[in-house]
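**Student:**
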Amino acid sequence: MSKKVWIAGTSVAAVLIAIVAGVLWLRSGPSNVVRFAPPVGDTQQYRIGLRVGLAPGESVFDRSVVLHSVVRYRVADRRDGQTTVHVEPRYMVGQSGHRTLFDSTRAEADETIVAAMRDGFDVTIGENGDTEFKPSNKQAWDRLVEDGGVSRLEQLQQQLNAPGVMSALPAQVGASTTTGGFQTLPRIKLTVTEVRPDSIVVAIDRAADAQPVRVPIAPGSDEAITMTLDALKGRMRIDRSTGWIRSLALVADQTGEKDGKRIPLHLDLSMQALDDNPAAGDRNNSMSRFEYIAMQAGDEDDDRPGYRLKLPESKDDIPADAKDQKITNPKQLFASKGAMFKVDARDHELLLRAPYDLKKNQAAGHLALADLTLTDANGKTLELPMVMDEMRLGLAGDKIGTRVTLRPLGWGAADLSAIHGVKAVFTRRGLGPQTHTSIELADHPTELRRGDAVARAIPVEGKPHQWRVELANGQGQFFVDHSQAYEGLEVRASDARYGERLVPAEVGMIDRISQPLAERVQYSVKGEATRFPLAYIRYHDTLERLPVTFTDEERRYRDHSAPPPDLHHIFGLPDVPQKPIALDDVAPRDAALHRLRLRLPVGVGEACHLEAKAPGLNGHALVWQHRDSPRPQGGDDAPDETTATQDWELTTDDGERRYFYNTTVDTTLHCPGQPRWQRSDYQHGDTPWLVKIADATGQPVAPDTPAATFFRQFRFVDDRGTPLRPMRLDAQPGDHLGSWHDEAEKTTLADYLADDGTVRFWGRVAGVQTIRFSGEPIDKHWHTGFGDYE
1003 MSKKVWIAGT
1013 SVAAVLIAIV
1023 AGVLWLRSGP
1033 SNVVRFAPPV
1043 GDTQQYRIGL
1053 RVGLAPGESV
1063 FDRSVVLHSV
1073 VRYRVADRRD
1083 GQTTVHVEPR
1093 YMVGQSGHRT
1103 LFDSTRAEAD
1113 ETIVAAMRDG
1123 FDVTIGENGD
1133 TEFKPSNKQA
1143 WDRLVEDGGV
1153 SRLEQLQQQL
1163 NAPGVMSALP
1173 AQVGASTTTG
1183 GFQTLPRIKL
1193 TVTEVRPDSI
1203 VVAIDRAADA
1213 QPVRVPIAPG
1223 SDEAITMTLD
1233 ALKGRMRIDR
1243 STGWIRSLAL
1253 VADQTGEKDG
1263 KRIPLHLDLS
1273 MQALDDNPAA
1283 GDRNNSMSRF
1293 EYIAMQAGDE
1303 DDDRPGYRLK
1313 LPESKDDIPA
1323 DAKDQKITNP
1333 KQLFASKGAM
1343 FKVDARDHEL
1353 LLRAPYDLKK
1363 NQAAGHLALA
1373 DLTLTDANGK
1383 TLELPMVMDE
1393 MRLGLAGDKI
1403 GTRVTLRPLG
1413 WGAADLSAIH
1423 GVKAVFTRRG
1433 LGPQTHTSIE
1443 LADHPTELRR
1453 GDAVARAIPV
1463 EGKPHQWRVE
1473 LANGQGQFFV
1483 DHSQAYEGLE
1493 VRASDARYGE
1503 RLVPAEVGMI
1513 DRISQPLAER
1523 VQYSVKGEAT
1533 RFPLAYIRYH
1543 DTLERLPVTF
1553 TDEERRYRDH
1563 SAPPPDLHHI
1573 FGLPDVPQKP
1583 IALDDVAPRD
1593 AALHRLRLRL
1603 PVGVGEACHL
1613 EAKAPGLNGH
1623 ALVWQHRDSP
1633 RPQGGDDAPD
1643 ETTATQDWEL
1653 TTDDGERRYF
1663 YNTTVDTTLH
1673 CPGQPRWQRS
1683 DYQHGDTPWL
1693 VKIADATGQP
1703 VAPDTPAATF
1713 FRQFRFVDDR
1723 GTPLRPMRLD
1733 AQPGDHLGSW
1743 HDEAEKTTLA
1753 DYLADDGTVR
1763 FWGRVAGVQT
1773 IRFSGEPIDK
1783 HWHTGFGDYE
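For what it's worth, our numbering labels the leading residue of the sequence shown as 1003, then goes sequentially.
(1) Could you name the residues that DSSP lists as bridge partners for M1388?
(2) Would you mind giving the Cβ-Cβ distance between E1315 and Y1500, rounded to the nearest angstrom? I have them listed as a contact below 8 Å.
(3) If L1408 sits next to V1389, beta carbons under 8 Å apart, how far is it from one beta carbon to the other, in whole angstroms?
(4) Skipping 5 residues on each side, what residues in its chain have a beta carbon closer than 7 Å to that of S1563?
(5) Rounded to a whole number of angstroms, what is the C-alpha to C-alpha distance between H1622 and G1769?
(6) Go ahead and pull the three-state DSSP assignment for Q1160.
(7) Under 8 Å: do the stretch 1367 to 1384 and the stretch 1720 to 1734 share three or more Cβ pairs, one atom per stretch?
(8) With C-beta atoms as the reference, is Y1358 less than 8 Å away from L1384?
(9) Buried or exposed for L1575, please, with buried defined as at least 16 other CB atoms from any protein chain shown within 10 angstroms of its CB.
(10) Run the CB neighbour count on D1737, radius 10 Å, all protein chains shown included, and call it buried at 16 or more, exposed below.
(11) Output the distance between the C-alpha atoms of L1755 and K1694, rounded to the nearest integer angstrom.
(12) For the alpha helix (DSSP H) that Y1525 lies in, which residues bound it at each end?
(13) To which residues of the same chain is G1128 closer than 6 Å at the C-beta, ignoring the five residues directly before and after it?
(14) Quick one: grab the DSSP three-state call for V1089.
(15) Secondary structure at R1189, three-state DSSP: helix, strand or coil?
(16) Taking all protein chains shown into account, do 16 or more other C-beta atoms lie within 10 angstroms of the C-beta of H1268, making it buried, or fewer, making it exposed?
(17) What are the start and end residues of each continuous alpha helix (DSSP H) run of 4 or more residues lying completely inside the stretch 1268 to 1322, in chain order?
(18) Please go through the same chain and pick out, in chain order, the residues whose beta-carbon is closer than 7 Å to the beta-carbon of V1703, but skip the five residues on each side of it.
(19) Go ahead and label Q1141 buried or exposed: buried means 16 or more other beta carbons lie within 10 angstroms of its beta carbon, across all protein chains shown.
(20) Tell me whether T1772 is buried or exposed, calling it buried when 16 or more other Cβ atoms sit within 10 Å of its Cβ.
(21) Given that a residue counts as buried once 16 or more other Cβ atoms are within 10 Å of its Cβ, and exposed if not, what is H1783?
(22) Here's the rule: buried if 16 or more other CB atoms are within 10 angstroms of the residue's CB, otherwise exposed. What is A1444?
(23) For Q1685, count neighbouring C-beta atoms within 10 Å of its own C-beta (all shown protein chains included) and say buried if the count is 16 or more, exposed if not.
(24) Going by DSSP, what residue range makes up the alpha helix (DSSP H) through K1748?
(25) Is it true that the stretch 1541 to 1558 meets the stretch 1455 to 1473, where meeting means three or more beta-carbon pairs spaced less than 8 Å apart?
(26) I'd like the list of long-range same chain contacts for R1120, defined as Cβ closer than 7 Å, with 5 residues on each side in sequence excluded.
(27) Looking only at C-alpha atoms, which of W1143, D1124, E1225, L1252 sits nearest to T1114?
(28) Taking DSSP as the reference, what is the three-state secondary structure of F1038?
(29) Would you list the residues sitting across from V1625 in a DSSP beta bridge?
(30) Does P1632 come out as helix, strand or coil in the three-state DSSP assignment?
(31) On the three-state DSSP scale, how would you describe V1606?
(32) With H, G and I counted as helix, E and B as strand and the rest as coil, what does DSSP make of M1729?
(33) Alpha carbon to alpha carbon, how far is H1100 from R1458? Give it in angstroms, no decimals.
(34) I need the boundaries of the alpha helix (DSSP H) containing D1513, first residue and last residue.
(35) Give the C-beta separation of S1852 and R1248 to the nearest angstrom, bearing in mind that I take them to be a contact with Cβ-Cβ under 8 Å.
(36) Can you confirm whether the stretch 1514 to 1533 touches the stretch 1343 to 1354 when touching is taken to mean that 3 or more C-beta pairs between the two stretches lie within less than 8 Å?
Structure below.
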């Protein structure tokens, strides 16, 4: 990793510290004026995301730097009109594209960087706005900047010397002030847009009189880069009683110029106050959410189509169950025995997975992680602070649920192996009833409002019958409606800019400062219709607390009777025919090519008896062996449109010879009756993933049966009719579950069959599909002769 790159990134991060330091001068006093004055010793920590890169369209390569950090601020001293704030970085990850520049959680993290950053910095702020920056470990910092090739300490100090918001700001809507900006941000305008009993919301914009600023390349140097603030949009929420920032979002466009060369830059900044438990939060303020916003911000393509939504095109396409259902017992949202945790030592992460206990079309609502408790092997609480990296919908075992990824704070690799127990409390904001509506598609902009949700349909200039539909959601939410038909419309989810400076994801990030549930959604719409269907719901005002206890995923692997830790299917198998199987046209072929192949309806080769009688070759018998159809392009475990047949080929029993000369073969296919695929429901009780194989198949099983043969003959399907993958007895956490085809060719039934005759599947078995026979036996015989080699 280049230390110079990291130091440059840290210098950019110093702008963030300056923003915090400057705005800290706000607080609420008796005169209803907001100014910063928390008591000495008061602390506040933040989850911070920062992206700096070339402006969209300036490069085909992603040269942006994304920094994630958790920083704690403590008021260390206040005297003689000066306030000293100690800044302690607790977590830092720097990324450029897919490359990690630095990760504070790794044991191999650069010791010089760790020493310079771990002890933090002191920032002293005077009444006139001057700031003095002092690293706690100056020796380590000097060593760091020397290794970087240039002295950056004074330059970083200059970043912090920029004046902040020194003047008082009344807690009154419309009150505004213009203040000197930060070193690379010229004068800015702050306007109070919302006043609540506990906080105010302040809009951040470029001041009308903002002038370019000169930023020295090196301390004391006459050489400088001229930085022009082209555009600025942001918002912050400030606590009235203390002056601490509660949340901040900012998007800035700047142009740097030197020697006639211009470099346009785009900056995204997100900052969220963390309270007692830094792991707390929801999807919207996780680090992965900021990464998504940063990715969208760097995309310059303004005409990309997006991905097409699968929506009903007519009334006949509307699903029968597409109707509103609400969760009747939200305390059962999480399946109490299904939640798991997994320690990932390689990526230094703790993964939580909690499955939902929902009926079809029910919604989980808006979830947030409110509390997290980690315990050791003795049940003692661990002092191991974590921060949320990601929270998203995903598989939790064999059900849909919530997945939360957490990373440890601190410098160097934390001992995550000490975690033996995990308890969490989630908050849930439920949903009200769903209603159905639509917005007009016209040759002029139209708008639909419901509560704080706004939908707009804006014609695309120069493109008839095309619109962009914007949904600005809050506590009320518009979304596409699967219970209405989108006849004559092609609808695509799109993040195109349509000439705007900010992409929808950036606008949503700013909106969430005022409304944490805010979301910006955009669709590209094309067609002859006059209305665009929408559904509407509103989140409840109240929050429910849902405690969840997680079990160790490793225990789920060890305990054969426990639910599977994940869901896996067998894809690529031919579809089974629904009618009785006809064998009239079955016959070997390709004898003229000195080989013999037989195409049989799927499953017949395993269920019936297929035999070859012929003289052996070099001690090897001739046998019929199953041959897989050509694999689909994404691997044989990808869904595939396949025919209901399977190919068999005559080979020596070692599979080496498949061309034959000067010999004869007699082939017999014997079926006990007319074959037909049938499905029987599996009565599973409380363990639908655990199948007593002899009972389910109705016949004794031989453990040495090749797995490929057995699971082609018997398909153990879920409630959607998709074959489930069996789970090996020796499966371990962290195993790479590769292609089922490759695994099945190397294993036998014994690799899955427990001593009690059960096989555990990667999912809940609802039925068993196999061939059954009825009527008179069917016998077919063929005699084939092979001539000389020509």
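Note that CB positions come from ideal geometry on N, CA and C, so glycine has one too.
**Tutor:** With the given structure in hand:
(1) By 1-based counting over the sequence shown, the position of residue 1388 is 386. Partner(s): P1410.
(2) Along the sequence shown, read from residue 1 onward, the residue named residue 1315 stands at position 313. Along the sequence shown, read from residue 1 onward, the residue named residue 1500 stands at position 498. Not a contact, Cβ separation roughly 26 Å.
(3) The count along the sequence shown starts at 1 and reaches residue 1408 at position 406. The count along the sequence shown starts at 1 and reaches residue 1389 at position 387. L1408 to V1389, Cβ: 7 Å. Contact.
(4) Sequence index remark: in the sequence shown, residue 1563 carries index 561 (1-based). The answer, listed in chain order, is T1689, L1692.
(5) For the purposes of this step, residue 1622 is taken as the residue at position 620 of the sequence shown. For the purposes of this step, residue 1769 is taken as the residue at position 767 of the sequence shown. Here the alpha carbon of H1622 sits roughly 40 Å from the alpha carbon of G1769.
(6) Your numbering for residue 1160 matches position 158 in the sequence shown. Residue confidence for Q1160 is low, a pLDDT of 38 falling below 50, so the modelled location carries little weight; the figure read from the coordinates is stated next. Of the three classes helix, strand and coil, the one that applies to Q1160 here is helix, per DSSP.
(7) Using a C-beta cut-off of 8 Å, the stretch 1367 to 1384 makes no contact with the stretch 1720 to 1734, since fewer than three inter-stretch Cβ pairs fall below that distance.
(8) By one-based count along the sequence shown, residue 1358 stands at place 356. By one-based count along the sequence shown, residue 1384 stands at place 382. In this structure, L1384 does not lie closer than 8 Å to Y1358 by Cβ.
(9) For the purposes of this step, residue 1575 is taken as residue 573 along the sequence shown, with counting starting at 1. Flag for L1575 reads buried.
(10) Numbered from its first residue, the sequence shown carries residue 1737 at position 735. Exposed.
(11) Numbered from its first residue, the sequence shown carries residue 1755 at position 753. Numbered from its first residue, the sequence shown carries residue 1694 at position 692. Cα to Cα, L1755 sits roughly 9 Å from K1694.
(12) As a working note, residue 1525 is residue 523 in the sequence shown. No alpha helix (DSSP H) holds Y1525; the beta strand (DSSP E) holding it covers 1521 to 1529.
(13) For this step, residue 1128 is matched to residue 126 along the sequence shown. Cβ neighbours of G1128 beyond the five flanking positions: Q1084.
(14) On the sequence shown, position 87 is the one that residue 1089 refers to. DSSP places V1089 within a strand segment (E or B) once states are collapsed to three.
(15) As a working mapping, residue 1189 is identified with position 187 in the sequence shown. Three-state result, R1189: coil.
(16) Here residue 1268 refers to the residue found at position 266 of the sequence shown. Buried.
(17) 1289 to 1299
(18) Mapped onto the sequence shown, residue 1703 falls at position 701. Within the same chain, I1695, A1696, L1751 come within 7 Å of V1703 by CB-CB distance, once the 5 residues on both sides are set aside.
(19) As a working mapping, residue 1141 is identified with position 139 in the sequence shown. Result: exposed.
(20) Your numbering for residue 1772 matches position 770 in the sequence shown. It counts as buried.
(21) Position 781 of the sequence shown, counting from 1, holds the residue named residue 1783. H1783 is exposed by the Cβ-count criterion.
(22) Along the sequence shown, read from residue 1 onward, the residue named residue 1444 stands at position 442. Label assigned to A1444: exposed.
(23) As a working note, residue 1685 is residue 683 in the sequence shown. Result: exposed.
(24) Counting from one through the sequence shown, the residue named residue 1748 turns up at place 746. It spans 1742 to 1748 - the alpha helix (DSSP H) in which K1748 sits, taken as one unbroken run.
(25) no
(26) The sequence position of residue 1120 within the sequence shown is 118, counting from 1. If we look at R1120 and ignore the five residues flanking it on each side, its Cβ neighbours are W1413.
(27) Within the sequence shown, residue 1114 is the residue found at index 112, counting from 1. Looking at the Cα atoms, W1143 is the closest of the given residues.
(28) Here residue 1038 corresponds to residue number 36 of the sequence shown, with the count starting at 1. F1038: coil per DSSP, three-state reduction.
(29) One-based indexing of the sequence shown puts residue 1625 at position 623. Answer is T1653.
(30) In the sequence shown, counting from the first residue as 1, residue 1632 sits at position 630. A caution first: P1632 carries a pLDDT of 49, below 50, which makes its placement in the model unreliable, though a value can still be read off. In the structure shown, P1632 sits in coil (DSSP, three-state: anything other than H, G, I, E or B).
(31) The sequence position of residue 1606 within the sequence shown is 604, counting from 1. Correct three-state label for V1606: helix.
(32) The sequence position of residue 1729 within the sequence shown is 727, counting from 1. Note: M1729 maps to coil in three-state DSSP.
(33) Residue mapping note: residue 1458 aligns to position 456 of the sequence shown, counting from 1. Residue mapping note: residue 1100 aligns to position 98 of the sequence shown, counting from 1. One C-alpha to the other measures close to 36 Å.
(34) For the purposes of this step, residue 1513 is taken as residue 511 along the sequence shown, with counting starting at 1. Run containing D1513: 1506 to 1513, per the alpha helix (DSSP H) assignment.
(35) The chain is shown from 1003 up to 1792; residue 1852 falls before or after that span and cannot be answered.
(36) Taking 8 Å as the limit for Cβ pairs, the verdict is that the stretch 1514 to 1533 does not touch the stretch 1343 to 1354.
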